[in-house]
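Student: Before we start, here is the structure in question, set down as structure tokens.
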Amino acid sequence: MTIDAMFTQFPRLKFYLFDEGFHRAETGYELNRAFWRQGIMTEAMSAIITSAFTELGLHRIEAVTDDINERSKGLLRKLGFTHEGTLRLRFYFRGRFWDEHYFGLLKDEWH
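In numbering that gives the first Met the number 0, the protein residues as written are 0 to 110.
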């Protein structure tokens, strides 16, 4: 197996816009389509969320998803994130404007 092939099998998870003074971060993720619907992202996100709250001392994790990404919205809800709002027609993609959905998870809400 090549390195490139190996990395396409594993989920990509990250925290960005880390705001240490406010103990919060935004998360993003990506998984090769061939591995969807196998619980991989749920397991990986659960581990990184636990680590963020216990080891990094975060109080809040945020996520943003677009209007058409129902799987991402479903994953966030499954993990306990709350839909906190929608920015209507926020970005332009594929010839039209789309809404963005904002989600948040507080440390007290996690397991």
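The beta carbon of each residue, even a glycine, is placed where N, CA and C say it ideally should be.
Residue range of the beta strand (DSSP E) that Glu108 falls in?
Tutor: To locate residue 108, count along the sequence shown from 1; it is residue 109. First-last for Glu108: undefined, no H or E at that position.
Student: Given this structure, state the Cα-to-Cα distance separating Ala56 from His22, to the nearest angstrom.
Tutor: Position 57 of the sequence shown, counted from the start, is the residue given in the question as residue 56. Position 23 of the sequence shown, counted from the start, is the residue given in the question as residue 22. Contrary to the premise, residue 56 reads as Gly rather than Ala in this sequence. Roughly 7 Å separates the two Cα atoms.
Student: Within 10 Å of its beta-carbon, does Tyr91 have 16 or more other beta-carbons around it, so buried, or fewer, so exposed?
Tutor: As a first step, residue 91 is located in the sequence shown; it is residue number 92 there, counting from the start. Per the 10 Å Cβ criterion, exposed.
Student: Pick from Arg59, Leu30 and Thr53: whose alpha carbon is nearest that of Leu74?
Tutor: For the purposes of this step, residue 74 is identified with residue 75 of the sequence shown, where counting begins at 1. Minimum Cα distance to Leu74 is reached at Leu30.
Student: For Leu57, verify whether its CB is less than 7 Å away from any heavy atom of the ligand NAD.
Tutor: Absent from the structure shown: the ligand NAD. Ligands present: none.
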